[in-house]
Amino acid sequence: MESINKSSIRGLVSLWLCAVLLISMVGSLQAAEKQRLFDEAELLSASEQVTIQVELDKISRELSADFIIVTKKKLDGTNIQYFANDFFEKNGNKNGSGAILAISMQERDINFTAFGKIYDDHKRRLDKIRASIGKHLTAKRYHQSFMHFTELVRPSGFFGNFAKVAVTWQPWVIALVVTLVVVGFLAYNHRGEITVGSSTYAVPGAFNLISSEDRYLRTTTTKTKVTSSKSSGGGGGRSSGGSSGKF
Amino acid sequence: MSVNVYSCKTCAAPISYDIKQEKWKCQYCNSEFAKDEIVEKTSNEGEMEVVEDLNAKIPELDEYRCNACGAKILTEGNAAATFCIYCRNPSVIKSRFSGEFHPRYLIPFKVTLKEAKETYFKWIKKRFFAPDEFKTAREIDNIRGLYAPYWLFDCRASGYVEGEGRNSKSWRSGDYNITETQHYYVKRVGSSAYDKIPVDGSKSLADDLMEGIEPYNYSAIKDFSLEYMSGYLAEKYDVNEKLAARVMEPRAQKFLRSTLEASGQRYQSMSISSSSININSVKAAYAMLPVYVLTNVYQGKKHTFMINGQTGKTYGETPFDKRKCVLFSAALFLTTWFVTVTGAVILGIY
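Chains as they are written, first to last, in the working numbering: chain F, 1 to 247; chain C, 1 to 350.
This is the structure in C-alpha cells:
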C-alpha cells in the first residue's frame, strides 16, 4: 500500500510540474507572439527592437493591458490621432485597456493615447507624458524615448506620485502666496486696524459727481498659442484620450 | 492765574467725573452731583493765594499751587488739567482753557481706566507677532487718561481724477488663447463735504497713532465744559489750526479721490494718471477728545499705545518679534506645500 501510494504521489507531482511548465511556456510564447513594436520608420537597431519589445511585453502582462509603439515614415495627410486610435484597435485590443505611442517622422508628429484603465490613471498627464517623450525624440534618442514610454505608463504609488508633484513648481508658488498673504495680513494688523475710510467723515449726500467722461481709446489683443490639443472619446464603452504635438 | 478745584457741597473735598454715572462724585463721602450742581472753588474764594510763578531756574515748567494741600504743582508745558503730586488732588488750570485755548467741544470719557487696561490686554494678545513676554507684561501702571487737544475740520473738497480704465475678456479660438482689452480714458469731476475730520493738536502725540484710534462717535459730542476735565490729565494745543490744516488737507483729498474713483462707470482695472483736489471752506473747531495713553518699555525702547477713551479702539507701536515671524513663515510655508502636494496626489490633480 505504502509503495503504491508513494509512486502515485510522485507521478502526480511530476505530472503537475510538467503541466505548470507547459502552461508557462505557452503563456510566454503567446506573449512573445504578439507584436507590440512596429518600427516602420526604422529608428532602432535589431537589438534595440528586441529590448523594447521585451519591455512592452513585460508591462502589458503586469498591467493586463496592451502597450504599443508605432513609428511611421509619413502619414500622408492622416490625422495622427485618428491613425493612433485606429492602429490600437487593430493591433492592441478593442475593449480593454492600454496605450499607444505613435510617431510620424515626416510630419514630426507625436501622439500618446491611452485607453480604459490606463487612461483613467494618466488622464491629467497626457500632455506631460507626450511632451516628456517628445523631448527625447527631438534629441534623436529614439531607444531612450521608447524606454521612457514604458516607464511613464506605469502607475506610480502614493510616494511615486508625491515625488512627481513635489518637483513641479505649482505647490511652491501656492505655498509662497499663502504664506505671504497670511503673514502679510498678520503683520499689517500688527499695530491695529485703520477703519477710517473715504465715507467716515463725508457729509451724507454731499457727494456730487459734476461730470463723468468715459471715452473709448483702443483695443489691444494678445494671442498665445496653445501647443497641445486633446481629444477624448469613448470607443466601445471604454474611456480614452490622447495628446498630439510636434517633436 | 488760577487753578480750579471742583469741590463737594457736603464735605468740600475735591470731586471728579464718574464715567458710569455720568456725574461728578466725591471720593470721600460718595456724594454725587449733576453738572449744574457743581460749585467751583477758585483760588479767590479760598484763603490761599495762587500765583503763577515763572521760575527762572526751570523755565520749561510752570508752577501752580495746589488748592487742597498748598504744595506747588509743577506742570509740563502744555498740561491743562493735572493732579497734585503730593495729595493726588485733581486740578484744572483754567487759564489753559481760556482765550484762544477755549475748546468748543468735548467728548467725555466712556471707557474706565480698568476697562482700558482690559481692552489693551485683549488687544495685545491678538497681535500675532508681538513677543510673548511683552503680551504678558502686567505692569502697565503708567496708563493715563488724557483729554487730547484736537482740531475738528469741516471742509469742502472739489476736483477731478483722470486715468485709464480697462476691461478684458479672454476666449479660446482654435490653438490660440485670445485676450482682448478695451482701454478707456476716464475722467471724474466732483465735490463733497466733510464733517469734523480730526487732527490732533499736540506735538507729543504721533499723528499715525491718533489716526489709528479714529473714529470717535460724534453723536456724544458736547459743548466744552471745564468740569469734565477734573480727574483727568488734559493738554492744550501746541500745533495751531494752520499747521493742523496741513495734516487734514491730504486726508480730505484722499477721501474725495477714492470716492471719485469709485463713482460712475466701473472698470475691471483702473489706474489714475493725474488728479487735482481743492480744499475750501475750511472751518476748524477746537475740541478735547478722550484717549488713554500707555507706554511700555521693551528691551530699552519705549512703545506707545493709544486707546480711544470713548470707543476702546486700540492702536500702537507693538514690538515685532522677528524670530517668531521667521519661524512661523517657514512652518506655514512647509505645511502649505505639504498639504498642497498631498492633496494633489490624493485628488489626482497633477
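Beta carbons: idealized from backbone N, C-alpha and C, even for Gly.
Owing to the predicted nature of the structure, the values given are computational and were not obtained by experimental measurement.
* With respect to the beta strand (DSSP E) encompassing C:Arg-266, which residues constitute its N-terminal and C-terminal limits? -> Counting along the chain, C:Arg-266 falls outside any beta strand (DSSP E), and DSSP gives it neither H nor E.
* Neighbour flag for F:Ala-216 against chain C, beta carbons, 8 Å -> Note that residue 216 of chain F is Tyr in the sequence shown, not Ala. Yes, contact with chain C.
* Under 8 Å, do C:Gly-165 and C:Leu-113 count as touching if we go by C-beta distance? -> no
* Residues of the segment 281 to 292 of chain C whose Cβ lies closer than 9 Å to any Cβ of chain F, in chain order -> none
* Asked: If we ignore side chains and look at the alpha-carbon of each, how far apart do C:Phe-333 and C:Phe-320 end up?
  -> 20 Å
* Looking at the structure shown, is F:Gly-245 part of a helix, part of a strand, or coil, going by DSSP? -> strand
* To do: Please check if any C-beta of chain C sits within less than 8 Å of the C-beta of F:Ile-118.
  => no
* From F:Asn-95 to F:Arg-238, what does the alpha carbon distance come to, in whole angstroms? -> 6 Å
* **Span separating the alpha-carbon of C:Leu-327 from that of F:Thr-179** => The alpha-carbon of C:Leu-327 is positioned some 12 Å away from that of F:Thr-179.
* Taking the C-alpha atoms as reference points, what is the distance between F:Ala-114 and C:Thr-340? -> Straight-line measurement puts the Cα of C:Thr-340 at about 27 Å from the Cα of F:Ala-114.
* Asked: Residues of chain C with CB under 7 Å from F:Tyr-82, in chain order?
  -> Here the premise fails: no neighbours, minimum Cβ distance about 18 Å.
* Cutoff 8 Å; reference C:Glu-162; Cβ partners in own chain excluding five residues on either side -> Excluding residues within five positions, the ones whose Cβ falls inside 8 Å are Tyr-185, Val-186, Lys-187, Arg-188, Ile-272, Ser-273, Ser-274 and Ser-275.
* Asked: Does the beta-carbon of C:Cys-155 have 16 or more other beta-carbons within 10 angstroms, so that it is buried, or is it exposed?
  -> buried
* On the three-state DSSP scale, how would you describe C:Glu-214? -> Coil at C:Glu-214, not helix or strand.
* Asked: Can you find a C-beta in chain F that's less than 8 Å from the C-beta of C:Thr-112?
  -> no
* If you draw a straight line from the alpha carbon of C:Ile-143 to that of C:Lys-283, how long is it in whole angstroms? -> Within the model, the alpha-carbon separation for C:Ile-143 versus C:Lys-283 is close to 33 Å.
* Would you give the residue range spanned by the beta strand (DSSP E) that F:Trp-169 belongs to? => It is not in any beta strand (DSSP E) - F:Trp-169 carries neither H nor E in the DSSP assignment.
* To do: At 8 Å on the CB atoms, spell out the chain F contacts of C:Gly-316, in chain order.
  => Arg-191 and Gly-192
* To do: Keeping to the same chain, check which residues put their C-beta closer than 8 Å to that of C:Lys-203; ignore five residues upstream and five downstream.
  => Within its own chain, the residues whose Cβ lies closer than 8 Å to the Cβ of C:Lys-203, once the five positions on either side in sequence are excluded, are Asp-238 and Val-239, listed in chain order.
* Asked: To which residues does DSSP link C:Pro-290 through a beta bridge?
  -> C:Tyr-147
* Going by Cα to Cα distance, which pick from C:Lys-169, C:Ser-192, C:Gly-343 and C:Asn-280 is closest to C:Gln-268? -> C:Lys-169
* Contact with chain F by C:Val-341, beta-carbon distance below 8 Å -> yes
* Return the bridge partner residues of F:Asn-79 from the DSSP annotation. => Answer by DSSP bridge pairing: none, since F:Asn-79 is not bridged.
* **Whole-angstrom distance between F:Phe-112 and F:Arg-61, CA atom to CA atom** => 20 Å
* To do: Tell me, please, which residues DSSP counts as bridged to C:Asn-298.
  => Correcting the residue type first, residue 298 of chain C is Tyr in the shown sequence and not Asn. Its beta-bridge partners are C:Lys-301.
* Looking at the structure shown, is C:Gly-231 part of a helix, part of a strand, or coil, going by DSSP? -> coil
* To do: Kindly indicate which three-state DSSP category F:Tyr-201 falls into: helix, strand or coil?
  => coil
* Neighbourhood of C:Tyr-194 by C-beta, 8 Å cutoff - its chain only, sequence neighbours within 5 removed -> The beta carbon of C:Tyr-194 lies closer than 8 Å to those of Phe-153, Asp-154, Cys-155, Arg-156, Ala-157, Ala-252 and Phe-255 in the same chain, with the five residues before and after it left out.
* **Proximity test, Cβ basis, 8 Å: C:Tyr-194 and chain F** => Yes, C:Tyr-194 lies at the interface with chain F (some Cβ there is under 8 Å from its Cβ).
* Limits of the unbroken beta strand (DSSP E) element including F:Val-70 -> Looking at the DSSP string, the run of the beta strand (DSSP E) that includes F:Val-70 is 66 to 72.
* Asked: Alpha carbon to alpha carbon, how far is F:Arg-108 from F:Lys-246?
  -> 5 Å
* Residues in the segment 97 to 129 of chain F having any Cβ partner in chain C nearer than 8 Å -> Result list: Arg-124 and Arg-125.
* To do: Rounded to whole angstroms, what's the CA-CA distance from F:Lys-73 to F:Gln-106? Just pull it up for me.
  => 6 Å
* With C:Gln-310 and C:Lys-110 assumed to form a contact (beta carbons below 8 Å), what rounded beta-carbon distance in angstroms separates them? -> 5 Å
* Are at least three pairs of beta-carbons, each pair with one atom in the segment 225 to 235 of chain C and one in the segment 13 to 28 of chain C, less than 8 Å apart? -> yes
* Alpha carbon to alpha carbon, how far is F:Ser-240 from F:Gly-234? Give it in angstroms, no decimals. => Note on F:Gly-234: pLDDT 43, under 50, position unreliable in the model; the coordinate value appears next. Approximately 6 Å, taken between the alpha carbons.
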